[in-house]
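Okay, so here's the structure we're looking at.
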Amino acid sequence: MTADTHPSLQVLLGTFNGEKFLHEQLRSLADQTFSDFEVLVSDDASTDGTLDVIESFRPLLRIRQLPLRSNLAQARSARRNFEYLISSSSASLIALCDQDDIWDADKLQRMLDVERKASSREKVLFYSDARTVDRDGRTLSPSYFRSARKDPRRNDLRQVLVENVVSGNMSLIRGEFARSAMPLPEASPGHDWWLAARAAAVDGLCYIPCQLVSYRQHGSNEVGVPALSLRTLTAEARSIAKRSNRQLRIQHKINQAESLARLLDDHKGPAAALGAIPNQKKISRVRTLASYGLWHSNLIRNLAFVALV
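Residues 0 to 308 (numbering that gives the first Met the number 0) are what the sequence shown spells out, left to right.
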C-alpha cells in the first residue's frame, strides 16, 4: 500500500495516560490473524509514557498519529477523541479501539467474515459480545451483555433509543456511514450510542453472537460494567431512583432522540415520540412508551423509567 492509498481498514485508537494497559492492547493488535490494517491514533495530551509505548510498536504495526485536537483544552473526553478519530479516518471499514482492552487474535478476521457475508449493504455496524476481565486480565464474566443486563438482539430503533447495545470496542463499522454521522450532537451521551442509533434508524445493526474482546474493568475506566449480583441489582435500582441520576439516564436519551429525529426523513416516529415526551402529561408519557415499545430489556430499569419519565 502506497502513502497515497486509503487503507481498507483502520483501527481507531484513542489514548490518554494509558501506559499501564496499552502494551497489552497493542500486542493484541500486532497478533491479529488479519494484519492488513492501519492504526490511527489520537492522544489527548498524555503526561505518562503512553506515547513511548505507541512508538515501541511501530516496527510491528502500521501506525499513524494525528496531531493534537484544537479543542482539547475545552473537551478532553473519550467521546470527543473518537469523534476526531472518526472524522479523520479514510478507510472503508473502521474498528474502534480502547487503550486498555485485549482483542482476541481472530477478532478482526471474524468480524470481517460476517461483514463480507452480510446479505444487505444496509448493514453498516457490526458488533459482538465480550468477556469482562479485571485489571490483571482475570475473567469476571464470560459475557459483557449478561453483566450489563442487556439483550444484544434488541437492536431496532425503538429499543436502541432507550438502551444502547453497542460498545465501540466491540464494533466494526462502515467508514462512510460513521463519517456521515459526525459531528456528534451535544445531546449525545456517547459516540458509540449515537452511531448505534443512527445505524438502527436504517436497520443497519448486525449482532455477532460471540466474545471477541477481553473488556477490562478497573478504577480508571471512563465506562465500566459492574459484576452481576443481587447486590449490584439493588444498587442499580437505588441509583436509578435518585433524582440526580434522572438527567443522566433519561434526559440524555430524550435529548439524543430529539437530535436524531431532526435528521431523519423516514422511520423518525419512535425518535420524535421520545423526544416529545417532556411536552406531555404523565399518563400521556407512559402511553407513548407503550405505543412505540420504548422499553429496556431489564425489569428494574423499566419500572424506574416509567416512574421517572
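Ideal placement from N, C-alpha and C gives every residue a C-beta, glycine not left out.
These numbers were taken from a predicted model, which means no experiment stands behind them.
By the C-beta criterion, the region 93-100 is judged to be in contact with the region 15-22, since at least 3 inter-stretch pairs fall below 8 angstroms.
When the alpha-carbon of Asp155 is set against those of Ala44, Leu124, Met110, Ser142, the nearest one is in Leu124.
Between Ala90 and Gly167, the CB-CB gap reaches or exceeds 8 angstroms. Proximity to Asn297 across Val164, Ile93, Asn80 peaks at Val164, based on C-alpha coordinates.
In this structure Ala104 is not in contact with Leu11, their Cβ atoms being roughly 19 angstroms apart against a cut-off of 8 angstroms.
With contact defined as three or more Cβ pairs closer than 8 angstroms, the region 33-41 and the region 55-65 are in contact. Counted as a single uninterrupted DSSP element, the stretch harbouring Pro277 is not any beta strand (DSSP E), since DSSP gives it neither H nor E.
Short of 7 angstroms from the beta carbon of Pro188, and not among the five residues preceding or following it, lie these beta carbons of its own chain, in chain order: His251, Gln255. Separation of Phe15 and Gln158 (C-alpha to C-alpha, rounded to the nearest whole angstrom) is 32 angstroms. Beta-bridge pairing by DSSP links Cys209 to no other residue. Where Arg115 is concerned, there is no enclosing beta strand (DSSP E), although the alpha helix (DSSP H) around it starts and stops at 106-116. Excluding the 5 residues flanking it on each side, Ala186 has same chain C-beta neighbours closer than 8 angstroms at His251, Asn254, Gln255, Glu257, Ser258, in chain order. Runs of alpha helix (DSSP H) with 4 or more residues, each lying fully within the region 6-42, are found at 18-29, listed in chain order.
In this structure, the beta-carbon distance from Tyr291 to Pro277 does not fall below 8 angstroms.
Exclusion of the five residues before and after Leu183 leaves Arg78, Arg79, Glu82, His190, Trp193 as the residues of its chain whose Cβ lies within less than 8 angstroms of its Cβ. Look at Ser89 here: in three-state DSSP terms it is coil, with no helix or strand label.
Arg178 and Leu171 have their C-alpha atoms some 13 angstroms from each other.
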